[in-house]
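J.: Residues 95 to 206 (this note's numbering) are what the sequence shown spells out, left to right. Where a beta carbon is used, it is the ideal one built from N, C-alpha and C, also for glycine. Predicted model only: the values in this text are computed from it and were never measured.
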Amino acid sequence: MNVLENFDCIVTIVNKGHSEPIVDASRKAGAEGGTIIFGRGTGIREVKSILGLAIDPEKEIVLTLVKSEMSLHVLQAIVHAGNLEKPGTGIAFILPVKGVAGICHLNCPPFK
95 MNVLENFDCI
105 VTIVNKGHSE
115 PIVDASRKAG
125 AEGGTIIFGR
135 GTGIREVKSI
145 LGLAIDPEKE
155 IVLTLVKSEM
165 SLHVLQAIVH
175 AGNLEKPGTG
185 IAFILPVKGV
195 AGICHLNCPP
205 FK
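(1) Give the DSSP bridge partners of alanine 195, in chain order.
(2) Along the beta strand (DSSP E) that carries glycine 133, what are the first and last residues, could you check?
(3) Could you spell out where the beta strand (DSSP E) holding leucine 157 opens and where it closes?
(4) Taking isoleucine 172 and serine 120 to be in contact with their CB atoms under 8 Å, please state how far apart those CB atoms are, rounded to whole angstroms.
(5) Quick one: what's aspartate 102 bridged to in DSSP?
(6) So, at 7 Å on beta carbons, what are the nonlocal neighbours of asparagine 100 in its own chain, with the 5 sequence-adjacent residues on each side left out?
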């Protein structure tokens, strides 16, 4: 098994319908794409209710796997594209990845 190292996962959480600009910006910054997962949840500024019942807003979670040396550059592009410096728009953070398998197009020997 060939495991690659020195990768980070950028996790971006935005409101439903706002993930495409995030993926586009990360690609332009050098990432190869992203995985979009749907979820629910609220931030500190998002508590909403109807008739006294709390509503969990729908979210899109974008997972972007990038080489560690480019993660800050891609994160900056994501923050800009998602306007994440504005309160209530979303959050993005970087998690270190210990090892990656399944992306052989990046640096794996040919399959025999």
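T.: A quick look at the data gives this:
(1) Per DSSP, alanine 195 has no beta bridge partner at all.
(2) Glycine 133 -> beta strand (DSSP E) spans 129–134.
(3) For leucine 157, the enclosing beta strand (DSSP E) begins and ends at 152–161.
(4) That belief holds up - the Cβ atoms of isoleucine 172 and serine 120 are roughly 6 Å apart, short of 8 Å.
(5) DSSP output for aspartate 102 lists Val160 and Pro190 as bridge partner(s).
(6) Cβ neighbours of asparagine 100 beyond the five flanking positions: Lys161 and Ser162.
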